[in-house]
Amino acid sequence: MLVRCHASSLSDEASTPPQVIVHPGQQCVTPDGVELRERMALGVRTWGSNPDGSVQMLLGVYEEVGAVGQRLLDVLPPALVVSDDTWDSTLIPVLAKEATKQGPAQGVMLDRLLDLLLISVLRVWFDRPETEAPAWYRAHTHPVAGEALRLFHEDPANDWTLARVAAEVGVSRATLAECFRNAVGTPAMTYLTEWRLALAADLLRQSDATLNTVARQVGYGSGFALSSAFKRVYGISPQEHRSAAPAQ
8 MLVRCHASSL
18 SDEASTPPQV
28 IVHPGQQCVT
38 PDGVELRERM
48 ALGVRTWGSN
58 PDGSVQMLLG
68 VYEEVGAVGQ
78 RLLDVLPPAL
88 VVSDDTWDST
98 LIPVLAKEAT
108 KQGPAQGVML
118 DRLLDLLLIS
128 VLRVWFDRPE
138 TEAPAWYRAH
148 THPVAGEALR
158 LFHEDPANDW
168 TLARVAAEVG
178 VSRATLAECF
188 RNAVGTPAMT
198 YLTEWRLALA
208 ADLLRQSDAT
218 LNTVARQVGY
228 GSGFALSSAF
238 KRVYGISPQE
248 HRSAAPAQ
């Protein structure tokens with residue numbers, strides 16, 4: 008899996024010159040810019056130079072990453088490899104088969120299968136003894152911090168206070184504060200604020216909902232309160248963030 012990679016080369020040998028360049032939007036051209044997509048089409052979502060070739064590749068790309076996803080990318084290496092001797096997943100053949108089909112909601116199905124494949128790969132990667140998984144990932148198995156994280160993630164709009172979270176988890180405020188800080192590396196309420204603002208950043212670009220609506224969805228009482236917190240953390244207003252969204 009390639010992370011934070013703007014361009015990469017794939018070949019049978021390091022000395023083999025590029026023959027096809029794949030741009031965003033699945034635009035396939037020669038190094039000279041000659042369109043190849045139609046010429047190399049071998050079926051539904053399938054391209055290649057030889058239909059009987061011995062090498063097949065299944066490619067999935069996330070062209071845009073939101074604020075929530077960026078929190079994950081920030082803790083990953085530029086590239087990670089999971090080999091079949093450590094990971095045997097039934098998702099790959101299912102995704103490969105579905106990729107060649109056309110049917111109702113096929114795009115949605117492929118998106119969800121790709122999401123599941125990504126989650127599965129990351130679990131295997133983070134669970135390796137030699138991998139330094141981020142503190143917030145390891146904290147999910149903590150009996151106290153893990154429960155607090157679950158509450159934050161599942162219901163960010165709740166009017167959480169340290170006392171209310173502690174009561175839900177079944178410990179004192181002092182115990183919650185200490186366990187969360189030790190396990191996650193930040194105070195519980197600081198983590199909640201960061202999580203809410205990341206969700207708000209994505210909601211602002213994924214919908215045309217009003218600022219007040221987004222604020223209520225992520226646990227702020229008003230658009231003004233969200234705007235103040237957003238600008239303090241991101242350095243720009245929610246409207247500026249929304250306006251800077253890439254063109255679709």
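Residue numbers (our numbering): 8 to 255. Note that beta-carbon positions come from the ideal geometry of N, C-alpha and C, so glycine has one too.
Kindly indicate which three-state DSSP category residue 139 falls into: helix, strand or coil? Indexing the sequence shown from 1 puts residue 139 at position 132. Three-state result, residue 139: coil.
Return the Cβ separation of residue 163 and residue 203 in integer angstroms, given the expectation that the two are a contact with Cβ distance under 8 angstroms. For this step, residue 163 is matched to residue 156 along the sequence shown. For this step, residue 203 is matched to residue 196 along the sequence shown. Confirmed, Cβ separation roughly 5 angstroms.
Going by other Cβ atoms of all chains shown within 10 Å of its Cβ, with 16 needed for buried, is residue 255 buried or exposed? The residue labelled residue 255 in the question sits at position 248 within the sequence shown. Since pLDDT at residue 255 reaches only 49, below the 50 mark, its modelled position is unreliable, and the value read off the structure follows with that caveat. Counting Cβ neighbours within 10 Å, residue 255 comes out exposed, since fewer than 16 surround it.
Starting from residue 155, follow the alpha helix (DSSP H) in both directions and report where the run begins and ends. By 1-based counting over the sequence shown, the position of residue 155 is 148. Looking at the DSSP string, the run of the alpha helix (DSSP H) that includes residue 155 is 152-161.
Can you tell me whether residue 237 is buried or exposed, with buried defined as 16 or more other CB within 10 angstroms of its CB? Against the sequence shown, residue 237 aligns to sequence position 230. By the 10 Å Cβ count, residue 237 comes out buried.
Per the contact definition of three or more C-beta pairs closer than 8 angstroms, is the region 79-96 in contact with the region 45-59? no
Which residue's Cα is closest to the Cα of residue 58: 68, 66, 47, 65? Here residue 58 corresponds to residue number 51 of the sequence shown, with the count starting at 1. The shortest Cα separation from residue 58 among 68, 66, 47, 65 belongs to 47.
DSSP-derived helix/strand/coil call for residue 255: As a working note, residue 255 is residue 248 in the sequence shown. Per-residue confidence for residue 255 stands at a pLDDT of 49, beneath the threshold of 50, marking its modelled position as unreliable; no derived number is given.
Where do the ends of the alpha helix (DSSP H) carrying residue 216 lie? The count along the sequence shown starts at 1 and reaches residue 216 at position 209. No alpha helix (DSSP H) holds residue 216; DSSP gives it neither H nor E.
Rounded separation between residue 31 and residue 141 - CA only: The count along the sequence shown starts at 1 and reaches residue 31 at position 24. The count along the sequence shown starts at 1 and reaches residue 141 at position 134. So the two alpha carbons sit approximately 30 angstroms from each other.
What residues in its chain sit with their C-beta under 6 angstroms from that of residue 29, if we drop five residues either side in the sequence? Translated into the one-based positions of the sequence shown, residue 29 becomes position 22. The residues are 35.
For the alpha helix (DSSP H) that contains residue 126, what are its first and last residues? Residue 126 sits at position 119 when you count from the first residue of the sequence shown. Residue 126 -> alpha helix (DSSP H) spans 113-133.
For residue 42, which residues does DSSP report across the bridge? Taking the sequence shown and counting its residues from 1, one reaches residue 42 at position 35. DSSP, once it has assigned bridges, lists 36 as partnering residue 42.
May I have the straight-line CA-CA distance separating residue 189 from residue 149, to the nearest angstrom? What you label residue 189 is simply residue 182 of the sequence shown in a count that begins at 1. What you label residue 149 is simply residue 142 of the sequence shown in a count that begins at 1. Spanning the two alpha carbons is a distance of roughly 10 angstroms.
8 angstroms contact criterion, which residue 9 and residue 15 should meet: CB distance rounded: The residue you call residue 9 lines up with position 2 of the sequence shown. The residue you call residue 15 lines up with position 8 of the sequence shown. Confirmed, Cβ separation roughly 6 angstroms.
Along the chain, where does the alpha helix (DSSP H) containing residue 248 start, and where does it finish? Looking up residue 248 in the sequence shown gives position 241. From DSSP, the alpha helix (DSSP H) with residue 248 extends over 245-250.
Quick one: what does DSSP say residue 259 is sitting in, helix, strand or coil? There is no way to answer for residue 259, as the model of the chain reaches only from 8 to 255.
Can you check which of these residues, 187, 222, 201, is closest to residue 77 by C-alpha distance? What you label residue 77 is simply residue 70 of the sequence shown in a count that begins at 1. Among 187, 222, 201, the Cα nearest to that of residue 77 is on 201.
Note down the Cα distance separating residue 114 from residue 74, rounded to an integer number of angstroms. Here residue 114 corresponds to residue number 107 of the sequence shown, with the count starting at 1. Here residue 74 corresponds to residue number 67 of the sequence shown, with the count starting at 1. So the two alpha carbons sit approximately 23 angstroms from each other.
Excluding sequence positions up to five away, which residues of its chain have a Cβ less than 8 angstroms from the Cβ of residue 228? One-based indexing of the sequence shown puts residue 228 at position 221. Here the set comprises 222.
Which one or two residues does DSSP pair with residue 230 in a beta bridge? Taking the first residue of the sequence shown as 1, we reach residue 230 at position 223. Answer is none; residue 230 lacks a bridge partner.
Close-in-space but distant-in-sequence residues of the same chain around residue 98 (CB under 7 angstroms, 5 per side omitted): Indexing the sequence shown from 1 puts residue 98 at position 91. Excluding residues within five positions, the ones whose Cβ falls inside 7 angstroms are 120, 123, 124, 127.
Check whether the Cβ atoms of residue 154 and residue 176 sit closer than 8 angstroms, and answer yes or no. Here residue 154 refers to the residue found at position 147 of the sequence shown. Here residue 176 refers to the residue found at position 169 of the sequence shown. In contact: residue 154 and residue 176 (Cβ atoms closer than 8 angstroms).
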